[in-house]
Amino acid sequence: MPEGPSIIILKELVQPFKGKKILKVEGNSKLDIQRMNGEKILDFKSWGKHFLICFKNFAVRIHFMLFGSYRINEQKDTVPRLRLIFKKGELNFYACSIKFIEENIDEVYDRTSDVMSEEWDPKSAKRKLKKYPEELICDILLNQNIFAGVGNIIKNEVLFRIRLHPENKIENIPRVKLNELIMEARNYSFDFLKWKREFVLKKNWLAHTKKICPRCNIPFIRKHCGKTKRRAFFCVSCQVLYNNNHNI
DNA sequence: CCGGTTGTTCAGCG
DNA sequence: GCGCTGAACAACCG
Numbered sequence: 000m001p002e003g004p005s006i007i008i009l010k011e012l013v014q015p016f017k018g019k020k021i022l023k024v025e026g027n028s029k030l031d032i033q034r035m036n037g038e039k040i041l042d043f044k045s046w047g048k049h050f051l052i053c054f055k056n057f058a059v060r061i062h063f064m065l066f067g068s069y070r071i072n073e074q075k076d077t078v079p080r081l082r083l084i085f086k087k088g089e090l091n092f093y094a095c096s097i098k099f100i101e102e103n104i105d106e107v108y109d110r111t112s113d114v115m116s117e118e119w120d121p122k123s124a125k126r127k128l129k130k131y132p133e134e135l136i137c138d139i140l141l142n143q144n145i146f147a148g149v150g151n152i153i154k155n156e157v158l159f160r161i162r163l164h165p166e167n168k169i170e171n172i173p174r175v176k177l178n179e180l181i182m183e184a185r186n187y188s189f190d191f192l193k194w195k196r197e198f199v200l201k202k203n204w205l206a207h208t209k210k211i212c213p214r215c216n217i218p219f220i221r222k223h224c225g226k227t228k229r230r231a232f233f234c235v236s237c238q239v240l241y242n243n244n245h246n247i
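FYI, numbering that gives the first Met the number 0 numbers position 121 of the first sequence as 120, with every residue one higher than the one before it.
The following block contains the structure:
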């Protein structure tokens with residue numbers, strides 16, 4: 000469920016519930032979810048992997064983590080974390096993380112860091128990148144303060160597309176290449192969205208979970224890279240690792 | 001049936 | 001107080 004484009008799809012699917020009043024609230028969340036009872040949903044928003052349900056005086060943040068899921072107007076066999084029942088229809092959220100946000104959403108979230116947002120700002124991303132010269136690019140791409148919405152699949156596909164080795168240090172990557180990376184983080188995310196809508200996302204993976212490099216026909220390296228230790232699939236032949244010469 | 005994971009936070013340690 | 005590690009969460013696929 001998790002990556003940014005999937006949240007955009009969810010936001011579209013729940014549009015019929017916008018402006019609707021919640022008649023009953025259920026779920027095994029430990030939070031006071033009953034405070035939503037009787038409230039009218041003013042809007043649905045998103046930021047990166049966060050799905051936001053906006054009410055008059057507060058908002059609910061749903062994060063699907065690794066295993067979270069949802070059903071609209073149908074149910075799974077398991078107990079939902081949160082179920083919102085309307086006069087017509089219901090929303091069910093499973094195994095997700097829920098938080099209440101009391102502050103104004105627009106003040107809490109910086110949309111310039113959301114790769115799916117109209118307000119996404121590549122220049123701002125560039126400025127943030129420069130603050131982490133020692134970090135590896137595979138970790139930085141997963142940093143939600145810089146690339147909100149990017150997850151492990153997008154990471155692997157973007158790095159393969161621009162031929163960049165996941166273990167490159169930021170400081171060693173040429174400026175032009177960094178710009179390319181920032182552009183492709185958003186660009187691939189929209190391809191992800193398009194392909195997910197058409198149910199052909201997996202079919203279009205070039206690197207993620209793949210065994211052979213489609214460009215070189217040699218085996219991919221599969222390794223848990225960086226501080227984040229997330230799976231990386233990469234080709235040592237066509238994905239460049241820039242050497243660090245200036246510190247020797 | 002077990003191993004692994006489209007993710008994040010937090011406790012515990014040195 | 002820091003940086004690192006591992007646990008916790010908990011569902012589904014191959």
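Beta carbons are placed, not taken as given, at the ideal position from N, Cα and C, and that holds for glycine.
Touch check for the segment 201 to 218 and the segment 7 to 25: three-plus C-beta pairs under 8 Å? Judged by Cβ distances under 8 Å, the segment 201 to 218 makes no contact with the segment 7 to 25, as fewer than three pairs qualify.
In terms of alpha-carbon separation, which member of N27, G26 and C53 lies closest to K17? Nearest of N27, G26 and C53 to K17, Cα basis: C53.
Among residues of its own chain, excluding the 5 on either side of Q33, which ones have a beta-carbon nearer than 6 Å to its beta-carbon? Around Q33: V24.
Under 8 Å: do the segment 109 to 125 and the segment 86 to 93 share three or more Cβ pairs, one atom per stretch? Contact annotation: the segment 109 to 125 does not touch the segment 86 to 93, with fewer than three C-beta pairs closer than 8 Å.
Apart from the five residues just before and just after F232, which ones in its own chain have a Cβ nearer than 7 Å to its Cβ? So the list reads N155, A206, H207, T208, K209, F219 and R221, once near-sequence residues are dropped.
K226: which of K201, N167 and I172 sits nearest, CA to CA? The candidate whose alpha carbon is nearest that of K226 is N167.
Below 8 Å between beta carbons: does that hold for P165 and L135? Yes; because the gap between Cβ atoms is below 8 Å, this pair is in contact.
Assigned secondary structure, D138 (DSSP; H/G/I helix, E/B strand, else coil): The answer is helix: DSSP assigns D138 an H, G or I state.
Closer than 7 Å by C-beta to L128: which residues in its own chain qualify, once you throw out the five before and the five after it? Chain order, please. Excluding the 5 residues flanking it on each side, L128 has same chain C-beta neighbours closer than 7 Å at I139, I145, I169 and L177, in chain order.
Burial state of D113, where buried means 16 or more other Cβ atoms lie within 10 Å: When all chains shown are included, D113 counts as buried.
Looking only at C-alpha atoms, which of N151, I6 and R110 sits nearest to H62? Out of N151, I6 and R110, I6 has the C-alpha closest to the C-alpha of H62.
Report, in whole angstroms, the separation of the C-beta atoms of R82 and G3, which I expect to be a contact under 8 Å. Incorrect: roughly 25 Å between the Cβ atoms, too far for contact.
Exposed or buried, M115, counting other C-beta atoms within 10 Å across all chains shown (16 or more means buried)? Classification of M115: buried, given that the 10 Å Cβ count is 16 or more.
Taking the straight line between their C-alpha atoms, what separation do you get for A58 and A94? A direct Cα-to-Cα measurement between A58 and A94 gives close to 19 Å.
What residue does the alpha helix (DSSP H) around Y93 start on, and which one ends it? Per DSSP, Y93 lies in no alpha helix (DSSP H) segment; the continuous beta strand (DSSP E) that holds it begins and ends at E89 to Y93.
Tell me the DSSP bridge mates of I71? L90.
Exposure of E102, with buried meaning 16 or more beta-carbon neighbours within 10 Å: Residue environment for E102: exposed (fewer than 16 other C-beta atoms within 10 angstroms of its C-beta).
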